[in-house]
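Residue numbers (this note's numbering): 8 to 371. For each residue, glycine too, the CB sits at the ideal point set by N, CA and C. Predicted, not measured: the structure shown is a model, and the values here were computed from it. Right, one structure below, let's go through it.
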């Protein structure tokens with residue numbers, strides 16, 4: 008990982024917890040290692056400074072343990088996030104309430120949420136083993152930015168060619184053409200996308216949301232902290248029919264096994280293995296779609312057609328026919344809608360989706 012303009016200070020909160028504070032790529036980054044109690048719970052009070060507007064918190068535990076965010080309270084002790092509410096309903100806002108080895112909470116999520124204000128925000132976390140809450144170490148990292156402009160910003164993306172794709176001229180040409188189209192897709196929400204290019208020698212990568220190898224950790228350590236890693240690979244292991252997959256909603260900036268997006272070129276190129284104009288466009292939409300997940304966007308409706316995102320400006324359809332009719336041209340629709348010869352362009356991003364993206368700390 009490349010660190011820029013770093014200073015490190017060991018601070019102590021009023022509740023007696025020591026934590027490290029760094030400045031990394033323009034973000035204030037707070038990190039602490041705690042140990043959960045016998046009931047599985049750990050708590051941390053984060054002092055938010057004046058002018059800070061949004062944050063991305065990441066927790067990580069070691070195998071075989073899992074963790075999740077339980078609550079987030081504001082300085083007035085008002086509850087902002089409740090894991091039971093977020094995991095028990097039909098509307099998705101963040102995956103922070105679900106258990107995993109790496110879990111992320113972005114707050115505020117969108118424009119309808121109140122921005123951060125000066126004071127102490129309290130995180131409550133839980134660690135589990137199987138069905139039991141347990142006492143175990145847990146790492147918490149929180150990145151904060153000071154930017155209240157929800158109308159636009161800059162997203163830095165690390166395009167990482169893996170599995171030898173960087174030595175395939177046709178693939179590289181298709182990706183570069185797709186990147187140009189991706190820039191146009193995000194321009195509608197005021198986000199300028201800039202790219203840097205890397206190559207990763209390892210031939211295979213586990214999917215970032217399910218993987219057990221350290222490929223995405225290694226990739227994160229060679230790219231900048233605030234870059235979103237988008238890996239171009241021939242295929243996605245064990246997910247043959249998936250165009251792309253994001254590490255989480257939202258994804259982390261710290262180096263973990265979930266730190267990136269993985270996109271398949273073989274699936275995107277179709278049965279003949281050669282990209283035509285329609286397939287380049289689908290590749291562009293896949294790149295923008297999966298990175299949208301990484302920045303906090305859910306599908307407006309899931310493929311089961313009985314759960315939705317939490318945004319009010321995406322249609323609340325209730326079946327495949329009506330959902331396709333209303334949203335087949337939406338970037339975050341869960342699948343391409345194709346006929347015999349071509350697929351419907353998916354280029355619609357709503358205002359509230361744009362606000363979610365602009366809230367994410369990766370947006371400068």
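> What is the DSSP secondary structure of residue 352, reduced to helix, strand or coil?
Replying inline: coil
>> Taking the alpha-carbon of residue 263 as reference, which of 148, 351, 58, 349 has the nearest alpha-carbon?
In response: 148
>> I'd like the list of long-range same chain contacts for residue 203, defined as Cβ closer than 6 Å, with 5 residues on each side in sequence excluded.
In response: 165
> Do you know whose CA, among 182, 121, 209, 284, lies nearest residue 348's CA?
Replying inline: 284
> For residue 72, which residues from the same chain have a beta carbon less than 8 Å from its beta carbon, with the 5 sequence-adjacent residues on both sides left out?
Replying inline: 108, 134, 135, 136, 141, 143
>> Using a Cβ-Cβ cutoff of less than 7 Å, which residues in the same chain neighbour residue 330 once the five nearest sequence positions on both sides are dropped?
In response: 308, 312, 324
> Which full runs of the alpha helix (DSSP H) of 4+ residues lie inside the region 253-306, going along the chain?
Replying inline: 272-275, 284-301
> From what residue to what residue does the beta strand (DSSP E) around residue 2 run?
Replying inline: The requested residue 2 is not part of the displayed model; the chain covers only 8 to 371.
> Does residue 161 come within less than 7 Å of chain D when only Cβ atoms are used?
Replying inline: The chain inventory of the structure shown lacks chain D, comprising one protein chain alone.
> Could you give the residue range of the alpha helix (DSSP H) that holds residue 223?
Replying inline: 222-229
>> I want to know whether the region 286-297 touches the region 95-108 - three or more CB-CB distances under 8 Å.
In response: no
> Apart from the five residues on each side of it in sequence, which residues of its chain come closer than 6 Å, Cβ to Cβ, to residue 234?
Replying inline: 163, 165
> Going straight from the alpha carbon of residue 335 to that of residue 45, what length do you get?
Replying inline: 49 Å
> Taking the C-alpha atoms as reference points, what is the distance between residue 21 and residue 90?
Replying inline: Confidence at residue 21 is low in this model, with a pLDDT of 40, below 50, so its placement is unreliable and the value that follows should be read with caution. For residue 21 and residue 90, the distance between alpha carbons rounds to 26 Å.
> So residue 329 is in the alpha helix (DSSP H); what residue range does that whole segment cover?
Replying inline: 327-334
>> So, with DSSP's three-state summary, where would you put residue 6?
In response: Because the chain is modelled from 8 through 371, residue 6 falls outside the range shown and cannot be assessed.
> Residues bridged to residue 144 by DSSP?
Replying inline: 42
> In this structure, does DSSP put residue 179 in helix, strand or coil?
Replying inline: helix
> residue 86 to residue 78, Cα distance in whole Å?
Replying inline: 7 Å
>> On the criterion of 16 or more Cβ atoms from any shown chain inside 10 Å, does residue 119 qualify as buried, or is it exposed?
In response: exposed
> DSSP three-state call for residue 313: helix, strand or coil?
Replying inline: coil
> Buried or exposed: which applies to residue 3, given that a residue is buried once 16 or more other Cβ atoms fall within 10 Å of its Cβ?
Replying inline: Residue numbering for the chain in the displayed model covers 8 to 371; residue 3 lies beyond these limits and cannot be assessed.
>> To the nearest angstrom, how far is the alpha carbon of residue 19 from that of residue 237?
In response: With a pLDDT of 49 at residue 19, under the threshold of 50, the modelled position of this residue cannot be trusted; read the value that follows with caution. Straight-line Cα distance between these residues: approximately 37 Å.
> Nearest to residue 198 by alpha carbon, out of 357, 145, 293, 160?
Replying inline: 160
> Given residue 70, which residues of its chain have a CB within under 8 Å of its CB, disregarding the five upstream and five downstream residues?
Replying inline: 108
>> Three or more C-beta pairs under 8 Å: does that hold for the region 249-264 against the region 212-220?
In response: yes
> Opposite residue 160 in the DSSP bridges: which residues?
Replying inline: 198
> Bridge partners of residue 151, per DSSP?
Replying inline: 35, 62
>> Which same chain residues end up closer than 6 Å to residue 82 when comparing Cβ atoms and leaving out the 5 residues on each side of it in sequence?
In response: 126, 127
> Taking just the CA atoms, how far does residue 267 sit from residue 365?
Replying inline: 18 Å
>> Going by DSSP in three states, residue 19 sits in which element: helix, strand or coil?
In response: Caution is warranted here: a pLDDT of 49 is assigned to residue 19, below 50, making its placement in the model unreliable, and the coordinate value is therefore given only provisionally. It is a strand residue.
> Would you report the Cα separation of residue 358 and residue 152, rounded to the nearest angstrom?
Replying inline: 21 Å
> Excluding five sequence neighbours on each side, which residues of the same chain lie with their C-beta closer than 6 Å to the C-beta of residue 65?
Replying inline: 111, 148, 259, 261
> Between residue 339 and residue 304, is the Cβ-Cβ spacing less than 7 Å?
Replying inline: yes
>> Once the 5 residues before and after residue 306 are set aside, which same chain residues still bring their CB inside 6 Å of it?
In response: 339, 341
>> Can you find the residues in the same chain that come closer than 6 Å, C-beta to C-beta, to residue 80, ignoring five residues on each side of it along the sequence?
In response: 86, 129
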